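A short worksheet on the structure shown next.
Numbering (the working numbering), first residue to last: 129 to 358.
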């Protein structure tokens with residue numbers, strides 16, 4: 129089992145079966161600090177990688193809350209198999225949904241791209257590896273952090289005026305039917321008025337459904353064709 133061995137000599141990269149200085153390390157590994165993730169304030173952990181690592185594609189295919197983004201580290205490697213990277217949380221492969229991890233609990237994330245950096249994980253790392261390190265408790269005084277988010281919604285644009293009178297609605301419908309008869313059917317004003325009154329409650333596409341005829345009367349008995357008023 130590998131154990132940590134810290135030295136203040138040079139920056140060390142942990143590879144598959146040992147360690148190497150960053151200058152001599154030939155693999156591709158990019159680390160993202162947890163503070164950098166906290167500044168972005170992402171709603172989902174997968175979306176925190178957007179724009180952080182060169183060559184890593186973060187695609188949001190749905191705007192539904194709680195939906196994870198698709199991460200492609202090494203492109204589209206297969207047409208039928210999974211193209212998602214291997215997620216390792218605190219040294220253990222993570223198979224559950226990433227939305228169950230709070231982004232504020234992340235201490236750092238490391239993206240492993242090439243075969244040199246992912247050799248430890250075998251064929252499961254064919255699409256790359258995302259190493260996630262969570263925060264741990266520290267010795268010292270007890271400290272409690274509280275994060276509160278709130279929002280307010282208000283209507284700045286007033287609502288549109290609505291028709292609250294059945295009689296006025298009937299008048300406007302009759303007027304629109306009269307205009308339709310003049311333009312589309314070629315009737316004159318008198319013929320168009322008669323056609324609108326006759327078909328006012330005909331139930332067609334231009335008229336009012338008969339079920340809404342609360343007066344139980346024909347259209348020519350409700351609308352004065354000379355004024356168009358109820």
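Even glycine gets a Cβ: it sits at the ideal position worked out from N, Cα and C. Keep in mind that this is a model prediction, so the values were computed, not measured.
- Beta-carbon to beta-carbon, residue 184 and residue 229 are separated by about 18 Å, too far to satisfy the 8 Å threshold.
- Burial check for residue 263: the Cβ neighbour count within 10 Å stays below 16, so the residue is exposed.
- Rounded to whole angstroms, the gap between the alpha carbons of residue 291 and residue 280 is 30 Å.
- Take the alpha-carbon of residue 286 and the one of residue 358: they are about 29 Å apart.
- For residue 311, the secondary structure class from DSSP, reduced to helix, strand or coil, is helix.
- Secondary structure of residue 249 (DSSP, three-state): helix.
- The residues 234, 235, 236, in chain order, have a CB closer than 6 Å to that of residue 162 in the same chain once the five nearest residues on each side in sequence are set aside.
- With fewer than 16 other Cβ atoms inside 10 Å of its own Cβ, residue 293 counts as exposed.
- Boundaries of the beta strand (DSSP E) around residue 234: 234 to 240.
- The secondary-structure analysis by DSSP pairs residue 349 with nothing; it has no beta-bridge partner.
- As for any alpha helix (DSSP H) of minimum length 4 sitting wholly inside the stretch 275 to 345, the runs are 294 to 311, 317 to 326, ordered along the chain.
- Look at residue 170 here: in three-state DSSP terms it is coil, with no helix or strand label.
- DSSP lists 198 as the bridge partner or partners of residue 187.
- In the structure shown, the three-state DSSP call for residue 160 is strand.
- Looking at the DSSP output, residue 165 sits in no beta bridge, so it has no partner there.
- In this structure, residue 302 places its C-beta atom within 8 Å of the C-beta atom of residue 351.
- Between residue 324 and residue 342, the C-beta gap is not smaller than 8 Å, which leaves the two residues out of contact.
- Shown here for residue 257: same chain residues with a beta carbon closer than 7 Å to its own, the five before and five after excluded, namely 213, 214, 216, 240, 246, 249 in chain order.
- When 355, 182, 195 are compared, the shortest CA-CA separation from residue 175 is found for 195.
- In the structure shown, residue 221 adopts extended strand secondary structure according to DSSP, grouped into three states.
- Within a 10 Å sphere around the beta-carbon of residue 347 sit 16 or more other beta-carbons, which makes this residue buried.
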